[in-house]
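Asker:
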Amino acid sequence: MRFPCEFISSSLLPGLRIRITHSLREIGFSQNEIARILGVKQPVIVTYLQKKIEETGDERINHHLDVLANKVSEMIVSKEDIEPIMRTICTKCKSLRVSGPICSIHKEILPEIAKIKNCSICTGIDEIPSIEERSKIIRTLEETLEELKKVDCFYLWVPEIGSQLAICESDAEELDDVASFPGRIIKVKEQILNVHPPEFGSSKTSSSLLLWFKKNKPDTRWVLSIKTKEELRQIFKENKISFLETEHLDLAKNKVLSNLEKGKRIIDVQAIMDEASSGFESITYIFAKNRTDLMDIVKLLK
Numbered sequence: 035m036r037f038p039c040e041f042i043s044s045s046l047l048p049g050l051r052i053r054i055t056h057s058l059r060e061i062g063f064s065q066n067e068i069a070r071i072l073g074v075k076q077p078v079i080v081t082y083l084q085k086k087i088e089e090t091g092d093e094r095i096n097h098h099l100d101v102l103a104n105k106v107s108e109m110i111v112s113k114e115d116i117e118p119i120m121r122t123i124c125t126k127c128k129s130l131r132v133s134g135p136i137c138s139i140h141k142e143i144l145p146e147i148a149k150i151k152n153c154s155i156c157t158g159i160d161e162i163p164s165i166e167e168r169s170k171i172i173r174t175l176e177e178t179l180e181e182l183k184k185v186d187c188f189y190l191w192v193p194e195i196g197s198q199l200a201i202c203e204s205d206a207e208e209l210d211d212v213a214s215f216p217g218r219i220i221k222v223k224e225q226i227l228n229v230h231p232p233e234f235g236s237s238k239t240s241s242s243l244l245l246w247f248k249k250n251k252p253d254t255r256w257v258l259s260i261k262t263k264e265e266l267r268q269i270f271k272e273n274k275i276s277f278l279e280t281e282h283l284d285l286a287k288n289k290v291l292s293n294l295e296k297g298k299r300i301i302d303v304q305a306i307m308d309e310a311s312s313g314f315e316s317i318t319y320i321f322a323k324n325r326t327d328l329m330d331i332v333k334l335l336k
């Protein structure tokens with residue numbers, strides 16, 4: 035099985051880099067400047083300059099590379115931001131893949147592809163997540179963290195390993211459909227901090243738990259992990275927040291969750307309180323269908 039990306043990596047990108055190097059050198063950029071711009075070592079630039087442009091790339095895409103390299107070089111000289119430069123290159127790459135010369139090359143590399151009618155492998159229209167929706171989810175996650183920071187006692191409930199806050203898309207099925215804070219949410223004295231901005235597909239444990247819970251209770255989109263304390267049980271009971279208690283979720287997650295599905299009504303549950311294995315920290319996972327419901331529970335913590 036051969037992918038179009040293999041050709042892009044082996045021919046298109048090297049050919050483009052070589053052309054940009056020659057173009058910038060002719061304009062007057064030093065080898066070190068070009069190396070910094072392209073993110074390579076200076077000896078690599080020497081190698082690029084030793085190659086003749088007409089001998090690089092594939093003749094079916096070389097004229098595209100010539101035009102693209104000139105465009106990118108002009109953008110670099112004009113000191114444009116990295117985003118439009120990257121977008122220009124990636125947009126051209128996609129246009130060459132979708133019913134373009136790279137599509138034809140891919141069919142030669144992998145004849146089975148040629149048998150596919152109306153091939154849409156490189157378009158990925160149905161598979162690509164909405165940028166607008168994902169940006170909205172990221173903003174919502176950031177706003178919720180700011181709300182948590184304003185809850186006076188929340189820092190007391192942040193586990194030593196950090197707390198995880200995650201939200202998934204409405205039709206989430208995979209870990210890449212869940213956004214969270216890489217490195218978790220931590221406490222420094224009485225301050226709540228995040229060590230990295232939120233992103234999709236970064237948390238394996240909390241994300242997999244959220245997806246499992248969502249499978250049993252489809253309207254669930256949020257999960258927050260906090261420290262398990264004895265008084266938490268009383269808080270849950272007094273406020274009629276249904277919860278299940280588990281053991282060793284940290285070491286035997288699949289087995290524990292499987293047993294829960296067999297013997298309990300997950301649909302009525304809002305939290306899972308886990309008694310950790312020796313050497314691990316006991317964690318409670320709060321699940322909610324929206325931010326308001328989640329924060330309502332958090333504000334009950336004392």
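In terms of my numbering, the sequence shown is residues 35 to 336. We put the beta carbon where it would ideally sit given N, CA and C, even for glycine.
Do you know how far the Cα of A310 is from the Cα of L283?
Answerer: Indexing the sequence shown from 1 puts residue 283 at position 249. Indexing the sequence shown from 1 puts residue 310 at position 276. Computed Cα separation, rounded: 7 Å.
Asker: What is the DSSP secondary structure of I226, counted as helix, strand or coil?
Answerer: Translated into the one-based positions of the sequence shown, residue 226 becomes position 192. It is a strand residue.
Asker: Quick check on DSSP: helix, strand or coil for L334?
Answerer: Looking up residue 334 in the sequence shown gives position 300. Residue state, collapsed to three classes: coil.
Asker: List the DSSP bridge partners of I201.
Answerer: As a working mapping, residue 201 is identified with position 167 in the sequence shown. Answer is A213 and W256.
Asker: Just checking, does the stretch 73-83 make contact with the stretch 122-139 on the three C-beta pairs under 8 Å criterion?
Answerer: As far as the Cβ criterion goes, the stretch 73-83 does not touch the stretch 122-139, which means the pair count is below three.
Asker: Does DSSP put K85 in a helix, in a strand, or in coil?
Answerer: Position 51 of the sequence shown, counted from the first residue, corresponds to residue 85. Coil.
Asker: What distance in whole Å lies between the Cβ atoms of L58 and I68, which are believed to be in contact at a cut-off of 8 Å?
Answerer: The sequence position of residue 68 within the sequence shown is 34, counting from 1. The sequence position of residue 58 within the sequence shown is 24, counting from 1. About 5 Å separates the two Cβ atoms, so the contact holds.
Asker: Going by the beta-carbon positions, is the gap between I220 and G196 smaller than 8 Å?
Answerer: By one-based count along the sequence shown, residue 220 stands at place 186. By one-based count along the sequence shown, residue 196 stands at place 162. Going by C-beta atoms, I220 is nearer than 8 Å to G196.
Asker: Does the pairing of the stretch 245-254 with the stretch 309-326 give three or more beta-carbon distances under 8 Å?
Answerer: Contact holds: three or more Cβ-Cβ distances are below 8 Å.
Asker: In terms of DSSP beta bridges, what is D15 paired with?
Answerer: Shown here, the chain extends from 35 to 336; a query on residue 15 therefore has no answer.
Asker: When burial is assigned at 16 or more other CB atoms within 10 Å of the CB, is A206 buried or exposed?
Answerer: By 1-based counting over the sequence shown, the position of residue 206 is 172. Buried, since its Cβ has 16 or more Cβ neighbours within 10 Å.
Asker: May I ask you to report which of helix, strand or coil DSSP gives F314?
Answerer: Your numbering for residue 314 matches position 280 in the sequence shown. F314: coil per DSSP, three-state reduction.
Asker: On the three-pair Cβ rule with 8 Å, is the stretch 238-251 touching the stretch 181-200?
Answerer: Judged by Cβ distances under 8 Å, the stretch 238-251 makes contact with the stretch 181-200, as three or more pairs qualify.
Asker: For a test of the three-state rule: what should DSSP assign to A322, helix, strand or coil?
Answerer: Looking up residue 322 in the sequence shown gives position 288. In this structure, A322 counts as strand in the three-state DSSP scheme.
Asker: The alpha helix (DSSP H) that contains S63, what's its start and end?
Answerer: In the sequence shown, counting from the first residue as 1, residue 63 sits at position 29. It should be noted that the sequence gives Phe, not Ser, for residue 63. From DSSP, F63 is part of no alpha helix (DSSP H); its letter is neither H nor E.
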